[in-house]
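Worksheet: the structure to be examined is printed underneath.
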Amino acid sequence: MSAPRVGIIGARRARQGLGPFVARDLIAAGAEVPCFAVTSERSIAPALAEIERYAGVSPCGYADADRMLDAEPLDAVAILSPAESHGEHLRRAAHRGLAALCEKPLVWEVPAIDALASEIVAAFAERGLLLYENCQWPFALSGFERLHPGSLAAPPRELRMELQPASHGLAALGDSLSHPLSLLQALVPGDAPAVDEIRAERGPRGDASLTLRFRYRSDGHTCAVEVVLTTSDRLPRRAALAIDGRAAERVVAAETYRLSFTSSDRIVAIDDPLSTLVADFVARLRAPDEADRRSRARDIEQRMRLLAELASAYRKQEP
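Quick note, the sequence shown lines up with residues 1 to 319 if you use this note's numbering.
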């Protein structure tokens with residue numbers, strides 16, 4: 001496959017949308033973006049303008065995903081629509097034999113997250129189709145290692161992450177938890193990860209933060225995890241990571257949008273992890289790797305099971 005043809009479902013920037021940026025990164029990685037789908041005719045023009053601005057291409061717009069899939073010969077879809085619609089679009093892709101890159105969380109149908117995720121992962125596996133969830137942070141770990149040399153030599157005992165979703169409460173967990181969970185899978189690998197000792201705590205009155213604490217256990221290792229979510233509409237959103245007390249805050253340059261990790265006394269430039277993930281997806285489309293496909297599917301299914309457990313615990317003790 002020389003230049004994979006990838007259609008975008010959910011092409012606008014509304015609700016934290018990444019459509020124009022994923023289109024940009026697909027083109028940069030050598031894919032073609034011949035089409036996109038939005039939810040109404042009136043959304044086609046603004047979505048096209050954003051894709052033209054960021055990606056420099058003019059794909060054909062559709063107001064319905066099925067119409068796009070009927071009309072366009074594609075190899076894959078990038079699903080960037082609101083999380084509640086991911087399940088139906090993933091089913092469409094699997095039914096039509098298309099690989100998929102899906103925004104996180106893979107699915108968000110509480111309380112059936114893990115059951116639906118297992119169904120979808122199995123549908124892709126039955127047809128040997130590549131499935132990616134947009135979990136970017138593992139692709140930033142090389143930058144963290146450059147900021148703190150030697151910090152990733154062993155599985156961590158503590159991990160803390162701060163994020164700023166636009167959503168609140170349970171929805172904020174859905175928007176955010178795939179990030180720390182994917183990091184934990186990379187840093188504390190194992191075949192049967194588990195979470196326990198789950199506690200949720202709201203910030204003081206007037207504070208829009210939610211703190212989730214739990215223990216992550218895998219292959220004899222235990223990591224104490226703290227995730228602090230502060231609702232915000234401001235861009236760029238703050239993101240920070242600390243591993244065993246070594247901290248890194250993501251910095252986005254105002255004019256160039258270049259990314260860096262900074263600590264109290266150091267700063268290192270990092271590659272955009274979204275761009276790296278999209279390039280990895282395109283590379284796997286071009287040169288399929290069956291072992292990688294199976295491993296990735298297993299990780300997604302495990303991650304969704306853990307997300308379901310965390311969401312369930314939060315609902316029982318919602319602060």
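Built from N, CA and C at the ideal position, the CB exists for glycine as well.
Bridge partners of residue i, per DSSP?
i	result
Gly61	Phe36
Ala223	According to the sequence displayed, residue 223 carries Cys and not Ala. In the DSSP output, where bridge partners are listed per residue, Cys223 has Tyr216.
Asp196	Arg215
Glu145	Partner(s): none; Glu145 has no beta bridge.
Ser260	Val251, Ala269
Val188	Answer is none; Val188 lacks a bridge partner.
Met161	Val227, Leu241
Gly7	Val77
Ser85	Answer by DSSP bridge pairing: none, since Ser85 is not bridged.
Ser209	Thr230
Arg202	Leu210
Tyr132	Leu101
Arg246	Ile243
One question on the structure: do residue i and residue j come within less than 8 Å of each other, judged by their Cβ atoms?
i	j	result
Arg67	Ala94	no
Asp75	Leu285	yes
Phe144	Leu277	no
Leu212	Leu310	yes
Arg215	Asp196	yes
Glu301	Ser118	yes
Gly87	Leu129	no
Ala194	Tyr314	no
His221	Pro155	yes
Ala78	Leu101	yes
Ala186	Leu141	yes
To the nearest whole angstrom, what separates the beta carbons of residue i and residue j, a pair I think is in contact under 8 Å?
i	j	result
Asp175	Ser167	5 Å
Ala45	Ile9	Wrong, their Cβ atoms sit about 18 Å apart, outside the cutoff.
Leu80	Ala125	That belief does not hold up - the Cβ atoms of Leu80 and Ala125 are roughly 23 Å apart, past 8 Å.
Ile120	Leu90	5 Å
Val225	Pro180	6 Å
Val252	Pro273	Not a contact, Cβ separation roughly 12 Å.
Cys223	Leu173	18 Å between Cβ atoms; not a contact.
Ser312	Pro111	6 Å
By Cβ distance, which residues of its chain are closer than 6 Å to residue i, with the 5 residues on each side in sequence left out?
i	result
Ser232	Gln164
Arg250	Ala239
Ala55	Ala23, Arg24, Ile27
Pro20	Glu50, Ile51, Tyr54
Arg5	Glu32, Pro34, Leu74, Asp75
Leu116	Gly87, Val107, Glu109
Glu162	Val228, Ala240
Ser218	Val188, Gly190, Pro193
Ala279	Ala29
Gly169	none
In its own chain, which residues sit with a C-beta less than 7 Å from the C-beta of residue i, not counting the 5 before and 5 after it?
i	result
Gly30	Ala3, Val282
Cys35	Gly7, Pro59, Cys60, Tyr62, Met68, Glu72
Ser209	Gly203, Val228, Leu229, Thr230
Leu268	Contrary to the premise, residue 268 reads as Val rather than Leu in this sequence. Closer than 7 Å at Cβ, skipping near neighbours: Gly143, Arg146, Leu147, Ser260, Phe261.
Arg246	His148, Ser151
Lys104	Glu133, Asn134, Cys135, Ser178
Ala308	Ile113, Asp114
Arg266	Leu147
Asp292	Arg284
Ile270	Ala140, Gly143, Leu259, Ser260, Phe261
For the ligand SAH, any of its heavy atoms closer than 7 Å to the Cβ of residue i?
i	result
Glu72	Questions concerning the ligand SAH fall outside what the structure shown contains, since it holds no ligand whatsoever.
Among residues of its own chain, excluding the 5 on either side of residue i, which ones have a beta-carbon nearer than 8 Å to its beta-carbon?
i	result
Ala122	none
Val57	Ala23, Ile27, Val33, Ile51
Leu18	Leu80, Glu103, Asn134, Leu274
Ala297	Val121, Phe124, Ala125, Leu131
Glu84	Trp108, Glu109
Met1	Asp75, Leu285, Arg286
Measure from the C-beta of residue i to each C-beta in chain C and report whether the shortest distance is under 8 Å.
i	result
Val227	Judged by its chain identifiers, the structure shown contains no chain C, having just a single protein chain.
- [ ] For the segment 265-289, list the alpha helix (DSSP H) runs that are entirely contained and at least 4 residues long, ordered along the chain.
- [x] The qualifying runs are 273-286.
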